[in-house]
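**Student:** Provided herewith is a single structure, encoded as structure tokens, for subsequent inquiry.
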Amino acid sequence: KSRNGHEPEFIQAVQEVADTVIPYIAEKEIYNGKNILLRMVEPERLVSFRVAWVDDEGEIHVNRGYRIQMNSAIGPYKGGLRFHPTVNASILKFLAFEQVFKNSLTTLPMGGGKGGSDFDPKGKSDDEVMRFCHAFMLELNRHIGPNTDVPAGDIGVGAREIGYLFGMYKKIRNEFTGVLTGKGLSWGGSKIRPEATGYGTVYFAENMLKTRNENFEGKTVVISGSGNVAQYAAEKVIQLGGKVVTLSDSSGYIYDADGIDTNKLEYVMDLKNNRRGRISEYVKKYPNAEYHDGKTPWDVKCEIALPCATQNELNEEDAKQLLDNGCICVAEGANMPCTADAVHAFHDAKILFAPGKASNAGGVATSGLEMSQNSLRISWTREEVDERLKGIMSDIHDSCIEYGMEENGYCNYVKGANIAGFVKVADAMLAQGVI
Ligand code: NDP
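Just so we're aligned, residue 13 is where the sequence shown starts under the UniProt record's numbering, counting upward by one.
Structural data, given as structure tokens:
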């Protein structure tokens with residue numbers, strides 16, 4: 013804490029892991045006296061750089077770019093890039109730290125990293141976004157590579173941004189490699205990658221529900237966010253017979269009591285991905301729905317909640333409201349969307365709760381599959397990738413059960429995910445010595 017006390021999100025993420033992993037370490041002689049966790053919380057490398065770019069009016073702007081290379085014990089650094097005005101070292105360090113455990117859980121050989129910038133793509137023209145991405149990659153290119161560090165998308169970085177970033181990397185390095193994931197299908201991307209985080213979250217929730225002889229059929233589902241993760245989580249819930257009644261963005265949420273069906277979701281995808289509009293526009297198109305400005309959707313009655321927007325978007329009060337309304341399952345699509353107090357409330361009530369590092373790992377797992385396809389120079393079918401994704405989510409679920417099952421028969425998925433993720437990385441670090 014003395015070294016990172018000014019970084020609240022990072023401390024929050026580390027605290028949650030420490031609470032479950034420290035008692036485990038204490039019981040295992042091989043980890044004793046090795047200061048493994050202390051070594052894990054210090055990034056192997058943290059790069060911060062100037063990104064200067066010119067807007068459409070000719071004005072010069074300066075943003076701050078970052079890449080945090082957290083841990084490479086089990087593979088090249090891997091993790092997304094976030095472009096959002098709130099980005100700072102604390103947020104990226106929390107995300108990079110979580111990524112180390114998440115990537116370990118996927119069973120694929122990937123270390124952990126994260127990066128991004130305080131640049132805000134909202135309201136910028138395509139040309140401005142392109143100039144920013146090119147300027148960002150002018151510096152980032154020297155720190156990454158297909159065997160070193162393989163970034164991907166995150167908030168504010170989707171297919172458009174990955175395209176511009178990849179184009180500049182290729183130009184500078186004169187090589188066509190799998191240096192980024194989330195690429196377009198015609199130039200090295202994997203089928204199912206856009207869907208993977210949202211689908212994977214729902215597959216994970218399906219596995220959890222199965223332990224209580226439940227499923228999505230006929231369940232009311234509240235989803236926050238309306239970006240990549242939220243859109244495909246909604247799509248999969250609808251396919252599985254659930255009724256999605258909310259979506260949101262940073263301005264507010266929409267509630268559609270009739271359910272957001274496939275056609276309505278298609279409208280949202282066009283609104284958000286092509287027209288880059290606001291979720292409030294939904295009620296103009298579907299007047300039966302309600303728009304709640306400046307609010308999050310957690311007071312809406314549901315059986316299943318999938319927070320898919322951003323960190324700390326669901327607090328203790330929201331958790332209590334969900335519990336009062338009869339919610340039985342919460343699976344995090346976003347990274348750390350539930351505050352520590354909210355997680356405690358879910359645990360106390362003994363409902364099914366999955367932390368993002370387990371339930372949203374399908375995205376990075378499919379990125380790992382994209383890296384494999386790039387190395388082999390082949391492309392798997394949609395069905396093949398989807399089957400692998402399902403298999404990986406089921407394996408992660410099994411790992412959580414193995415390490416998280418308590419004597420009273422309640423599975424603490426937070427504990428399970430933290431310990432399962434820790435063991436593989438810690439063992440590799442021990443084998444590689446003090447470096
Ligand atoms: P997108 O940029 O596609 O969408 C983000 C969504 O969250 C938007 O609806 C956005 O609204 C909303 N949002 C962003 N910031 C805030 C905020 N401060 N308060 C309320 N709402 C907010 O990002 P993704 O869908 O890719 O990412 C969502 C979450 O999932 C993040 O936590 C990310 O780290 C995590 N994640 C993503 C993965 C991926 O593969 N994409 C993989 C694993 C985790 P608005 O349009 O108003 O900004």
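Heads up, the beta-carbon is just placed ideally off N, CA and C, and yes, glycines get one too.
For residue 266, write down the residues that DSSP places opposite it in a beta bridge.
**Tutor:** Answer is 259, 303, bridged to residue 266.
**Student:** Less than 7 Å separating the Cβ of residue 330 from some heavy atom of the ligand NDP?
**Tutor:** No, Cβ of residue 330 sits at least 7 Å from all heavy atoms of the ligand NDP.
**Student:** Do you know whose CA, among 25, 114, 23, 211, lies nearest residue 437's CA?
**Tutor:** Checked all of 25, 114, 23, 211; the closest Cα to residue 437 is 114.
**Student:** Between 255, 278, 324, which has its C-alpha nearest residue 270's C-alpha?
**Tutor:** Checked all of 255, 278, 324; the closest Cα to residue 270 is 255.
**Student:** Leaving out five residues before and five after residue 12 in sequence, what residues of the same chain have Cβ atoms less than 8 Å from its Cβ?
**Tutor:** The displayed coordinates of the chain run from 13 to 447. Any statement about residue 12 would go beyond what the structure contains.
**Student:** Put residue 163 into one of helix, strand or coil per three-state DSSP.
**Tutor:** In the structure shown, residue 163 sits in a strand (DSSP, three-state: E or B).
**Student:** Per DSSP, residue 44 forms a beta bridge with which residues?
**Tutor:** Its beta-bridge partners do not exist; DSSP assigns none.
**Student:** Between the beta-carbon of residue 174 and the beta-carbon of residue 200, is there less than 8 Å?
**Tutor:** No, the Cβ-Cβ distance between residue 174 and residue 200 is not below 8 Å.
**Student:** Could you tell me which residues DSSP pairs with residue 123 in its beta bridges?
**Tutor:** For residue 123, which the question treats as bridged, DSSP gives no partner whatsoever.
**Student:** Across which residues does DSSP place residue 155 in a beta bridge pair?
**Tutor:** Note: residue 155 sits in no beta bridge, so no partner.
**Student:** Comparing alpha-carbon positions, which option in 150, 403, 253 lies nearest residue 62?
**Tutor:** That would be 150, whose Cα lies nearest to the Cα of residue 62.
**Student:** Is residue 359 a contact residue of the ligand NDP, with contact defined as CB to any heavy atom under 7 Å?
**Tutor:** Flag unset: Cβ of residue 359 not near the ligand NDP.
**Student:** Measure the beta-carbon distance from residue 120 to residue 163 and round it to whole angstroms, keeping in mind my assumption that it falls under 8 Å.
**Tutor:** Not a contact, Cβ separation roughly 16 Å.
**Student:** How would you call residue 287, buried or exposed, if buried means at least 16 neighbouring beta carbons within 10 angstroms?
**Tutor:** When all chains shown are included, residue 287 counts as exposed.
**Student:** Could you check if residue 409 is buried or exposed, using at least 16 other CB atoms within 10 Å of its CB as the buried criterion?
**Tutor:** With 16 or more Cβ atoms within 10 Å of its Cβ, residue 409 is classed as buried.
**Student:** Just to confirm, is the Cβ distance from residue 37 to residue 49 under 8 Å?
**Tutor:** Yes.
**Student:** Do residue 67 and residue 140 have their C-beta atoms within less than 8 Å of each other?
**Tutor:** Going by C-beta atoms, residue 67 is nearer than 8 Å to residue 140.
**Student:** Could you check whether the stretch 346-353 touches the stretch 313-332, counting it as contact only if at least three pairs of C-beta atoms, one from each stretch, sit closer than 8 Å?
**Tutor:** These segments touch.
**Student:** Is residue 393 buried or exposed, if buried means 16 or more other CB atoms sit within 10 Å of its CB?
**Tutor:** By the neighbour-count rule (16 or more Cβ atoms within 10 Å), residue 393 is not buried but exposed.
**Student:** I'd like the span of the alpha helix (DSSP H) that includes residue 172, first residue to last.
**Tutor:** Residue 172 -> alpha helix (DSSP H) spans 171-185.
**Student:** Taking only runs that begin and end inside the stretch 45-72, name each unbroken alpha helix (DSSP H) of 4 or more residues, in chain order.
**Tutor:** Counting only runs of 4 or more, we get 48-52.
**Student:** Could you tell me if the beta carbon of residue 209 falls within a distance shorter than 7 Å of some heavy atom in the ligand NDP?
**Tutor:** Under cutoff, so the answer is yes.
**Student:** Which two residues bound the contiguous beta strand (DSSP E) that contains residue 463?
**Tutor:** Because residue 463 is not part of the residues shown, which for the chain are 13 to 447, the question remains open.
**Student:** DSSP three-state call for residue 314: helix, strand or coil?
**Tutor:** Coil at residue 314, not helix or strand.
**Student:** Please report the distance separating the alpha-carbon of residue 88 from that of residue 235.
**Tutor:** In a straight line, the C-alpha of residue 88 is about 33 Å away from that of residue 235.
**Student:** Give the single residue among 53, 42, 358 whose Cα lies nearest to the Cα of residue 19.
**Tutor:** Measuring from the Cα of residue 19, the nearest candidate turns out to be 53.
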